[in-house]
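Everything below concerns the one structure shown next.
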Amino acid sequence: MSQNLCELANSFISSTVSISEFAQKYNRYKSETKTIITIINIAESIYYPLLCKD
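Using the working numbering, you'd call the opening residue of the sequence shown number 80 and step up by one each time.
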């Protein structure tokens with residue numbers, strides 16, 4: 080079960096990273112998008128180690 084969650088987290092993180100890179104590359108995001116990216120980064124730092132610890 081946790082292995083599936085870890086794979087799901089990996090695919091989610093890779094998709095959110097590409098979204099934030101896209102937003103930064105084209106520089107078209109306002110403060111609310113920055114806030115969303117910040118929330119995603121915080122969630123990654125909290126949940127990713129919990130899901131994927133050995």
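Here a beta-carbon is modelled for each residue, glycine too, at the ideal position from N, C-alpha and C.
Please read all numbers here as calculations on a predicted model, not as lab measurements.
Is the CB-CB distance between residue i and residue j below 7 Å?
i	j	result
S94	I116	no
C85	L130	yes
A102	T114	no
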